[in-house]
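Residue numbers (my numbering): 236 to 416.
Shown next as structure tokens:
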């Protein structure tokens, strides 16, 4: 017996519907905070219809269009959930409307920024923001310091975030290479 389109679906039903392993859906929940299944007793997940549509859009962008997870996150950030839901449903008219709204907003922003005077320093590309050091992310011994111990040897929050981002990029590259093989 088929469920109505408005029915909630379990993780196994969504995985079967989208031809994805369940662990991929669980992983995507960690990368896309917009996916919020209801959880019942025992940790059982129930996906709302709008969650399923969003996952369809994410799947399409990752597997069919070749986007990375970071690229899809940027699409969600820039265009909102409805953009990927429309893609998941195959609603090209809604995708076009959302894209036109985004384009109009960008044009308005460009007009505002054109009216502002720019500082010449903003136009320089590749200008180092900090004095370059011989140490990698502040780790290891420098020429002028004795040792990297205690607080000096720890990564700053920003550097840790950069390393984490690089790790995610490498994992995404590995996923794409595995998919090609």
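Virtual Cβ for every residue (Gly too), placed ideally from N, Cα, C. The model shown is predicted, which means the values in this text are computed figures rather than measured ones.
Mind reading off the beta-carbon distance from residue i to residue j? Whole number of angstroms is fine, and I expect it under 8 angstroms.
{"i": "residue 298", "j": "residue 243", "result": "Between residue 243 and residue 298 the Cβ distance is about 24 angstroms, and since that is not below 8 angstroms, they are no contact."}
{"i": "residue 292", "j": "residue 249", "result": "That pair is no contact at about 13 angstroms."}
Compare the C-alpha of residue i against each of the options and name the closest.
{"i": "residue 414", "options": "303, 274, 246", "result": "303"}
{"i": "residue 271", "options": "288, 277, 326", "result": "288"}
{"i": "residue 279", "options": "296, 247, 306", "result": "247"}
{"i": "residue 263", "options": "329, 337, 308, 399", "result": "308"}
{"i": "residue 240", "options": "337, 397, 324", "result": "324"}
{"i": "residue 267", "options": "316, 328, 251", "result": "316"}
For residue i and residue j, what's the separation of their Cα atoms in angstroms?
{"i": "residue 273", "j": "residue 313", "result": "26 angstroms"}
{"i": "residue 277", "j": "residue 340", "result": "45 angstroms"}
{"i": "residue 286", "j": "residue 326", "result": "16 angstroms"}
{"i": "residue 269", "j": "residue 401", "result": "23 angstroms"}
{"i": "residue 342", "j": "residue 311", "result": "20 angstroms"}
{"i": "residue 397", "j": "residue 391", "result": "10 angstroms"}
{"i": "residue 253", "j": "residue 344", "result": "38 angstroms"}
{"i": "residue 411", "j": "residue 261", "result": "19 angstroms"}
{"i": "residue 275", "j": "residue 255", "result": "22 angstroms"}
{"i": "residue 406", "j": "residue 330", "result": "29 angstroms"}
{"i": "residue 381", "j": "residue 394", "result": "Caution applies to residue 381, whose pLDDT of 47 falls short of 50 and renders its modelled position unreliable; the value that the coordinates give is listed next. Looking at the two C-alpha atoms, the distance is approximately 22 angstroms."}
{"i": "residue 337", "j": "residue 389", "result": "41 angstroms"}
{"i": "residue 300", "j": "residue 294", "result": "9 angstroms"}
{"i": "residue 409", "j": "residue 346", "result": "41 angstroms"}
{"i": "residue 265", "j": "residue 399", "result": "14 angstroms"}
Taking 8 angstroms as the threshold (C-beta atoms), are residue j and residue i in contact?
{"i": "residue 296", "j": "residue 322", "result": "yes"}
{"i": "residue 237", "j": "residue 305", "result": "no"}
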